[in-house]
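Novice: Protein chains in written order, with our numbering: chain A, 1 to 272; chain B, 1 to 138. Cβ coordinates follow ideal geometry from the N, Cα and C atoms, glycine included.
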Amino acid sequence: VRHYCNYCVWFAKQSCSLSWVVLKNIFIIKVVVDIRHPCSGAPLIGKTVSLNKREINMNVFTQIVVVVGKITPNGVSMLGTGFIITNDCKIVTTRHIVGESDKELVVLAPHIKDINEYQDTTDVRCQPISAKILEIDPIKDLAIIKIDANFTGDLPQLGSFDDVKISEQVGIFGFPHCVDGRKVLTFQEAEIGAKILLQSNNIKTKHAVINSQTRPGQSGSLIFSHRISKIVGILIGAYIPGGGGISLGGINPLELHQTTQCISAEYVKEML
Amino acid sequence: MNIPNDTLENWLSELKPYQKNSLEKLIAEYGDEEAAKRWLSSYGPSNIVHFGGEKNNTPFFDRFSEEFRKFICGDEFYKKEREQLLVESPIAKQIYISVVSAALGATLGYTATLLAPAVSVLLYSVGKMGLNAYCKSS
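Next comes the structure, spelled out in structure tokens:
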């Protein structure tokens, strides 16, 4: 705004509305400018210019995206990703990560505060927090677990794939390769490639194809829309024809493609 | 025990909406027992490779239905839990579902939340058939 005002000395006298919404973690600035000739008052641009800028404080994701695991005799076995969705620390993840029982189920406390920190991959220390299963939906492959803690601050809201369009950019936050013992909170960005209905026991649910290759450990990752500042989906895995394939050095070649499957976050709302 | 002979809708209304909605569709498609079986064995849509977790491929429904039969038909193993039910009279359907799910979950190592929808469907079947008839037939 200051830049434009210095450039046109008369600008400040013109019609200019400024709205600035400040949430704890999200800053939204919207400037609507209507520039007119200083003498005649005729529109100089001919139409209203709208400028939107969104700046997400990415650090909130370092605190809400967690590793879900189970305690074993050899330490914590990391099984996948989850994310905090309520201030009393209900956590969304997938049914296939938690399994059938909350025996020895834990989440790992956040290990970084700043998303730009270098994460030390040689540091294998962790702080497991006992978790309980609250809800399981085996048809949609979703689960809600809870830890005995409180999160203070604003949390991203749940949305739906209804709210985003094909080709729109979304962010993925999760822990790829955590099942192999690597704990690195990773951000990826990709487009929504398709909206699809997937069937489980003849029940169809809304999913989206995200144009990104993902790896074991990323199940339960949140899919975030920067445009609407909402969590729109949860990563569940990758399409694999016939559900089969072979393992070459621990890798199934059929998994190696950029069509990751994610379920719409709207289904989480009815489980909370 | 006197398991009420109530409608399926009333039994399912004791569940959370997400459970009830899916169970209704499963029952309409597959019938009562198969619906319970599919609820317990499902891991979401087919043709998806999961990126996490440890899949349990152990056949489960037969163990589940056997433990359910033992509870309902008076097996000594669940005597304490059945006595817990008899403390309340009349017993609400919600209490039946909770107590049976918790007891079976403790035996099988499964969370009661996952079992509850299947338990409610089987309790409905027992109520419809009658306890004696169910125990003789199973």
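1. For T93 of chain A, which beta-bridge partners are listed by DSSP?
2. Do the CB positions of S200 of chain A and S46 of chain B come within less than 8 Å of each other?
3. Kindly indicate which three-state DSSP category V107 of chain A falls into: helix, strand or coil?
4. Spell out whether any CB of chain B is found under 8 Å from the CB atom of R215 of chain A.
5. If we ignore side chains and look at the alpha-carbon of each, how far apart do T81 of chain A and T113 of chain B end up?
6. Buried or exposed for A90 of chain A, please, with buried defined as at least 16 other CB atoms from any protein chain shown within 10 angstroms of its CB.
7. Identify, in the order they occur along the chain, each residue of the same chain with its Cβ nearer than 8 Å to the Cβ of K47 of chain A, setting aside the five sequence neighbours on each side.
8. Among residues of its own chain, excluding the 5 on either side of W11 of chain B, which ones have a beta-carbon nearer than 7 Å to its beta-carbon?
9. At which residue ranges does the segment 144 to 197 of chain A contain complete beta strand (DSSP E) runs of 3 or more residues, listed in the order of the chain?
10. What does DSSP give as the partner residue(s) for H50 of chain B in the beta ladder?
11. Can you give the beta carbon distance from L40 of chain B to E67 of chain B, rounded, assuming they're within the 8 Å contact cut?
12. Per DSSP, which one or two residues make a beta bridge with C262 of chain A?
13. Hey, out of A:M271, A:L185, A:Q258 and A:L158, whose CA is closest to I228 of chain A's CA?
14. From this set, A:Y239, A:A109, A:T86 and A:T62, which residue's C-alpha is nearest M78 of chain A's C-alpha?
15. Can you give the Cα-Cα distance for T186 of chain A and N150 of chain A, rounded to whole angstroms?
16. Along chain A, which residues have their Cβ under 8 Å away from the Cβ of E33 of chain B?
17. For N57 of chain A and I85 of chain A, I'd like the C-alpha separation in whole angstroms.
18. Quick one: Cα of A103 of chain B to Cα of I95 of chain B, how far?
19. Measuring CA to CA, which of A:K204, A:G174, A:K132 and A:T259 is closest to E191 of chain A?
20. Using a Cβ-Cβ cutoff of less than 7 Å, which residues in the same chain neighbour K146 of chain A once the five nearest sequence positions on both sides are dropped?
21. Assuming contact is defined by CB atoms lying nearer than 8 Å, are I48 of chain B and I240 of chain A in contact in what I supplied?
22. DSSP puts V65 of chain A in a beta bridge; with which residues?
23. Closest to A143 of chain A by CA distance: which of B:Y43, B:N2, B:D62 and B:E14 is it?
24. Give me the Cβ distance between F161 of chain A and V232 of chain A, rounded to the nearest whole Å; I'm assuming they're in contact under 8 Å.
25. Kindly indicate the opening and closing residues of the alpha helix (DSSP H) around E66 of chain B.
26. Am I right that F51 of chain B and G242 of chain A are in contact with their C-beta atoms under 8 Å? What's the rounded C-beta distance?
27. Does the beta carbon of E54 of chain B sit closer than 8 Å to a beta carbon anywhere in chain A?
28. Please state whether DSSP places S15 of chain A in a helix, a strand or coil.
29. Run the CB neighbour count on E29 of chain B, radius 10 Å, all protein chains shown included, and call it buried at 16 or more, exposed below.
Specialist: This is what the structure holds:
1. Beta-bridge analysis with DSSP links T93 of chain A to A:A143.
2. Cβ atoms of S200 of chain A and S46 of chain B: closer than 8 Å.
3. In this structure, V107 of chain A counts as strand in the three-state DSSP scheme.
4. Yes, contact with chain B.
5. The alpha-carbon atoms of T81 of chain A and T113 of chain B are separated by roughly 21 Å.
6. According to the sequence provided, residue 90 of chain A is Lys. The question's Ala does not apply to it. Buried.
7. In this prediction, K47 of chain A has a pLDDT of 37, which is less than 50 and means its spatial position is unreliable; nothing more can be read from the coordinates.
8. Cβ neighbours of W11 of chain B beyond the five flanking positions: K93, S120, L123 and Y124.
9. Correct list: 169 to 174.
10. DSSP lists A:G237 as partners of H50 of chain B.
11. At roughly 12 Å, the Cβ-Cβ gap does not stay under 8 Å, so L40 of chain B and E67 of chain B are not in contact.
12. Paired residues: A:A208 and A:L235.
13. The shortest CA-to-CA distance from I228 of chain A to any of A:M271, A:L185, A:Q258 and A:L158 is the one to A:L158.
14. Measuring C-alpha to C-alpha distances from M78 of chain A to each of A:Y239, A:A109, A:T86 and A:T62 identifies A:A109 as the nearest.
15. Rounded to whole angstroms, the separation of the alpha carbons of N150 of chain A and T186 of chain A is 24 Å.
16. Near E33 of chain B there are no residues of chain A at all, since even the closest Cβ is about 14 Å away, more than 8 Å.
17. If you take the alpha carbons of N57 of chain A and I85 of chain A, they lie about 17 Å apart.
18. If I take the Cα positions, the gap works out to 12 Å.
19. Selection A:K204, A:G174, A:K132 and A:T259 evaluated against E191 of chain A yields A:T259 as nearest (Cα-Cα).
20. The answer, listed in chain order, is C89, K90, I91, A131, K132 and L134.
21. Yes. Within cutoff.
22. Beta-bridge pairing links V65 of chain A to A:F83.
23. Sorting B:Y43, B:N2, B:D62 and B:E14 by C-alpha distance to the C-alpha of A143 of chain A places B:Y43 at the top.
24. Right, the Cβ-Cβ distance comes to about 6 Å (below 8 Å), so this counts as a contact.
25. F61 to I72 is the extent of the alpha helix (DSSP H) around E66 of chain B.
26. For F51 of chain B against G242 of chain A, the beta-carbon gap comes to about 18 Å, at or over 8 Å, which does not count as contact.
27. With 8 Å as the cut-off, E54 of chain B counts as an interface residue toward chain A.
28. Because the pLDDT of S15 of chain A is 45, which lies under 50, any placement of that residue in the model is unreliable, and the number read from its coordinates should be weighed accordingly. Looking at S15 of chain A - three-state DSSP - the assignment turns out to be strand.
29. Taking a 10 Å sphere around the C-beta of E29 of chain B, we find fewer than 16 other C-beta atoms and assign the residue as exposed.
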